[in-house]
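Q: Taken in order, these protein sequences are the chains called F and C.
The first sequence begins at 112 in my numbering and counts up one residue at a time.
The second sequence begins at 72 in my numbering and counts up one residue at a time.
Where a beta carbon is used, it is the ideal one built from N, C-alpha and C, also for glycine.
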Amino acid sequence: MAAPTPAVEIDGVTKRFGDVVAVDDITLTIDDGEFFALLGPSGCGKTTTLRMIAGLDLPSSGSLRIFGDEVGMAPPDRRPVNTVFQAYALFPHMTVRQNIEFGLRMRRVNKSEMSQRTEQAIAMVRLAGMEERRPSQLSGGQQQRVALARALVNQPKVLLLDEPLGALDLKLRQEMQQELKALQQQVGITFIFVTHDQEEALAMSERIGVMSQGHLLQVGSPREIYEHPTSRFVADFIGRTNLIEAEVESAGTLRLQNGKLIAAGISAPSGAAVAVSLRPEHIRVHPRDASASRGDPGDPGGDSLDGTIADVTYLGHAVVYSVAAGPTTIEARREGDLGEPLAVGASVTVSWDHGAVAVIED
Amino acid sequence: MPRSPEARGGEEAAARAGRRQGMLLAAPAAVYLLIFFVVPLGLITVYSFATRTVTGRTSLSDWNIDAYRSVGDEIVVGIIWRSGWLATLTTALCLVIGYPFAYYIATRPRSLRAILLVLVMIPFWTNGLVRVYAIRFLLGSNGPASTLSESLGFGAFRILFTPTAVTIGMVYTFLTFMVLPLYVALERMDWRLAEAARDLYANGAKAFWKVTLPLTRSGIVAGCVLVFVPSFGSYVVPDILGGAKTLLVGSYIAQQFSDARNRPLGAALSVLLIVAMLIAVALNQRSGSGAENSDDAGSDRPRRRRRGADTDADSSSGSEAETRTEPAPAGL
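1) Would you check if the distance between the CB atom of F54/F and the CB atom of S316/F is smaller than 8 Å?
2) When DSSP builds the beta bridges, which residues end up paired with S172/F?
3) Could you check if G456/F is buried or exposed, using at least 16 other CB atoms within 10 Å of its CB as the buried criterion?
4) Counting pairs of Cβ atoms below 8 Å between the segment 245-257 of chain C and the segment 154-172 of chain C, do you hit three or more?
5) Identify whether V167/C lies in helix, strand or coil by the three-state DSSP scheme.
6) Measuring straight from C-alpha to C-alpha, what distance separates E145/C and D330/C?
7) With DSSP as the reference, label M184/F as helix, strand or coil.
8) Give, in chain order, every residue of the segment 174-198 of chain F whose Cβ lies closer than 9 Å to some Cβ of chain C.
9) Is the Cβ of A204/F closer than 8 Å to any Cβ of chain C?
10) Within 8 Å (strictly less), CB to CB, does L284/C reach chain F?
11) Can you give me the C-alpha to C-alpha distance between R218/F and Q297/F, rounded to a whole angstrom?
12) Take the Cβ of L264/C as the centre, count every other Cβ of all protein chains shown within 10 Å, and call the residue buried at 16 or more, exposed below.
13) Whole angstroms is fine: what's the gap from A469/F's alpha carbon to E310/F's?
14) Are the segment 275-289 of chain C and the segment 197-207 of chain F touching by the rule of at least three beta carbon pairs closer than 8 Å?
15) Need the endpoints of the beta strand (DSSP E) that W107/F sits in, please.
16) In chain C, which residues lie with their C-beta within 7 Å of the C-beta of M217/F?
17) In chain order, what residues of the same chain have a beta carbon less than 6 Å from the beta carbon of T424/F, not counting five sequence neighbours either side?
18) Relative to chain F, which residues along the segment 330-358 of chain C have a C-beta separation below 8 Å, given in chain order?
19) Could you tell me which chain F residues have their CB closer than 8 Å to the CB of A123/C, listed as they occur along the chain?
20) Which residues of chain C have a Cβ atom closer than 7 Å to the Cβ of A165/F, listed in chain order?
21) Taking only the alpha-carbon atoms, compute the straight-line gap between V292/C and R334/C and give it to the nearest angstrom.
22) Check each candidate in G214/C, I193/C, V352/C, T218/C and name the one with the smallest Cα separation from F299/C.
23) Of all the CB atoms in chain F, is at least one closer than 8 Å to the CB of A267/C?
24) So which residues on chain F does R263/C lean against when the C-beta distance must stay under 7 Å?
25) Does the beta carbon of G214/F come closer than 8 Å to any beta carbon on chain B?
26) Just the C-alpha distance for E120/F and T158/F, rounded to the nearest angstrom, thanks.
27) Y337/F: buried (16+ other C-beta within 10 angstroms of its C-beta) or exposed?
28) In this structure, what does DSSP give as the bridge partners for G413/F?
29) How many Å lie between L188/C and V203/C at the Cα?
30) Less than 7 Å between the CB of T206/F and some heavy atom of the ligand MG, yes or no?
31) If we count Cβ pairs, one from each stretch, closer than 8 Å, do we get three or more for the segment 148-163 of chain F versus the segment 214-231 of chain C?
32) Between the alpha carbons of I193/C and G199/C, how many angstroms are there, rounded?
33) Residues in its own chain within less than 6 Å of G294/C by CB, not counting five upstream and five downstream?
34) Measuring straight from C-alpha to C-alpha, what distance separates R332/C and V167/C?
35) Going by the DSSP bridge assignment, what does P111/C pair with across the sheet?
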């Protein structure tokens, strides 16, 4: 059986604006029905990539297919995709209903079908009763729903969302995250959304593509991206992490800068410079004397470093320690610890399990 | 927090001082306008009810509305129609020529926009009379345009002292007044909305008609008012380029005060012209601010305006008010 046609295939696409390379030779396949996030800091090229799929920017080179059809140079009105724009771009001179009907009118859908589909879309985003209002009379969350309905009423094959939740406040954003996920399952079409918020990307999407400076660095499930970053940038951008420079000593062993040997799953040749990513929540902190009595440094399931507490941040549900260990500072995040936090200046040992170590070979 | 009576008194004193200062700032303009605008306008109004004696003098004793009655004369009605038609034609041509140009300027990079705007303004800085005489030379039977046409075998053309020449001159004179408000509206246009239209299956032309044009409506209205009003009463351009054959309201009024020595008729026409313009401007203003919220009229829904991000509709209606309150250029 032939594999199903992917929703979007981006093949060696580059976009230049004058001398600036906004998107540099990206290749990416997004499957039908997938909830895909393009994640990266501002200026990384994620929005340009989305705009090229929409047809609002044309690629300088490369091939772009939507369900097998080459669309790289097609104008936006000839593509089976619709966009939910950043800040929504609702037409201020039209009512909610006129906004939602716009795409259907442009495609000359007949009257009865148009009103039926519009009603459906309005019901889907729960805007019944607001049809005759202007966008300026709606709250941010309501405008967001109009933008969604305006795009989805056209039954696009792919829905593109450009920072769809960026303009909403935190609480509404979390609500809309759930709603968008549910909506995507309900309509069953491919959603591609652009965000700079890594938590949002982790919470909502099935797969994430991380971009930086025009390059697509890594594509994978939220778990793959978080637990097995393949580059320093990804490790650092997704959540918080401790990046420790190291050198491969032998298969399965790394030498840290202070000479300490630690265990890690590693296949790179001896002498290669690598980095170790250790998530703060995977690091335990013990007062030195106590750990010595337990014989922790010899723990066969993990490794440890000695250091001194340089800073303590109390967050209520967690305590964040900065531990100075030789040339590096290690951040440890303890959740659910009862009792008095350790004090600044205390001698401690930080330790972790072997499974917590992610080695970055770039 | 309860305030002491002294504090409240201080607040009132400050408010009074603020009002005094405001009046002081407005005083020079107010005095100037009173002397050179309100007083002459009052005199014109008074004259319009006066009587023309047989000798052509104006008698200020026998008040009547004869002057207003003679506005209904066939000749006068014809002149008003001709002036209205010419002003409409001028406005339409300015819009058709000016819109694409304003669109072009507004979509250039910021640095280039400034240069193009200066270029638009340059003719405007030159003496108006000089410019009109230049056109007269250009269009004259011995002028460059005619010579060129003759050498190309089309024969000499005679458009000077025709309505065509007047229209050319008027469009040239008033084009700037159309381009500037259109530019302001287009410059404030949120182009993401045009992109959204393209994304929703509108081709380029449809996106323009359905989104860009309605959203720049304020600029179109302002530009049309700024061109129509002065061109309706214009005097210099038709006089120099149109000769005596194409008599327009402006020239006709001037004649009444000079050669014809019928001041009451000239005054009455002036008053009617002013009233008509005021009504036109008021109607425009009303439809301009009404269209955006036409559905809300009579509804008791709370109006919630979102601050910040996308208040384009609001800001454009603001610009409308700004442009409209600019003093209309005096008819040349």
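A: Result, derived from the coordinates:
1) What is shown of chain F runs 112 to 473, which leaves residue 54/F out entirely.
2) The residue you call residue 172/F lines up with position 61 of the first sequence. DSSP output for S172/F lists T125/F as bridge partner(s).
3) Stepping through the first sequence from its first residue, residue 456/F is reached at position 345. The residue in question, G456/F, is exposed, as its Cβ has fewer than 16 Cβ neighbours within 10 Å.
4) Short answer: they touch.
5) One-based indexing of the second sequence puts residue 167/C at position 96. Residue state, collapsed to three classes: helix.
6) To locate residue 145/C, count along the second sequence from 1; it is residue 74. To locate residue 330/C, count along the second sequence from 1; it is residue 259. Their Cα atoms are separated by approximately 20 Å.
7) Taking the first sequence and counting its residues from 1, one reaches residue 184/F at position 73. DSSP places M184/F in coil when its eight states are reduced to three.
8) Along the segment 174-198 of chain F, the positions whose C-beta sits under 9 Å from a C-beta of chain C are P186, P187, D188, R189, R190, V192, N193, T194, F196, Q197, A198, read in chain order.
9) Within the first sequence, residue 204/F is the residue found at index 93, counting from 1. A small correction: the amino acid at residue 204/F is His; Ala does not occupy that position in the sequence shown. It does; some Cβ of chain C falls within 8 Å.
10) Mapped onto the second sequence, residue 284/C falls at position 213. Output row for L284/C: interface = no.
11) As a working mapping, residue 218/F is identified with position 107 in the first sequence. As a working mapping, residue 297/F is identified with position 186 in the first sequence. Cα to Cα, the separation comes out at about 24 Å.
12) Counted from its first residue, the second sequence places residue 264/C at position 193. So L264/C ends up on the buried side.
13) As a first step, residue 469/F is located in the first sequence; it is residue number 358 there, counting from the start. As a first step, residue 310/F is located in the first sequence; it is residue number 199 there, counting from the start. When rounded, the distance between both Cα atoms is 20 Å.
14) yes
15) In the structure as shown, chain F starts at 112 and stops at 473, and residue 107/F therefore has no counterpart that could be examined.
16) The count along the first sequence starts at 1 and reaches residue 217/F at position 106. Ordered by position in chain C, the residues that pass the 7 Å Cβ test against M217/F are L271, Y272, A273, K277.
17) Stepping through the first sequence from its first residue, residue 424/F is reached at position 313. Hits under 6 Å: V431.
18) none
19) Here the question's residue 123/C lines up with position 52 in the second sequence. The amino acid at residue 123/C is misidentified as Ala; the sequence shows Arg. Chain-ordered listing is empty here: chain F has no CB closer than 8 Å to the CB of R123/C, the nearest sitting near 53 Å.
20) Stepping through the first sequence from its first residue, residue 165/F is reached at position 54. Here the neighbours are D270.
21) The residue labelled residue 292/C in the question sits at position 221 within the second sequence. The residue labelled residue 334/C in the question sits at position 263 within the second sequence. If you take the alpha carbons of V292/C and R334/C, they lie about 34 Å apart.
22) By one-based count along the second sequence, residue 299/C stands at place 228. Checked all of G214/C, I193/C, V352/C, T218/C; the closest Cα to F299/C is V352/C.
23) Within the second sequence, numbered from 1, the residue matching residue 267/C stands at position 196. It does; some Cβ of chain F falls within 8 Å.
24) Working through the second sequence from its first residue, we reach residue 263/C at position 192. F196, A200, listed in chain order.
25) Of the protein chains in this structure, namely F and C, none is chain B.
26) Residue numbering aside, residue 120/F sits at position 9 when the first sequence is read from its first letter. Residue numbering aside, residue 158/F sits at position 47 when the first sequence is read from its first letter. Their Cα atoms are separated by approximately 17 Å.
27) As a first step, residue 337/F must be located in the first sequence, where it is residue number 226. Taking a 10 Å sphere around the C-beta of Y337/F, we find 16 or more other C-beta atoms and assign the residue as buried.
28) Your numbering for residue 413/F matches position 302 in the first sequence. In the DSSP assignment, the residues bridged to G413/F are D464/F.
29) Walking along the second sequence from the start, residue 188/C turns up at place 117. Walking along the second sequence from the start, residue 203/C turns up at place 132. Roughly 22 Å separates the two Cα atoms.
30) Only the bare structure without any ligand can be found here, which leaves the ligand MG out of the picture.
31) no
32) Position 122 of the second sequence, counted from the start, is the residue given in the question as residue 193/C. Position 128 of the second sequence, counted from the start, is the residue given in the question as residue 199/C. Roughly 12 Å separates the two Cα atoms.
33) One-based indexing of the second sequence puts residue 294/C at position 223. Counting only Cβ-Cβ distances below 6 Å, and skipping sequence neighbours, we find M249, P252, L253.
34) In the second sequence, counting from the first residue as 1, residue 332/C sits at position 261. In the second sequence, counting from the first residue as 1, residue 167/C sits at position 96. The straight-line gap from Cα to Cα measures roughly 40 Å.
35) As a position in the second sequence, residue 111/C is number 40, starting the count at 1. According to DSSP, which records beta bridges pairwise, P111/C is partnered with nothing at all.
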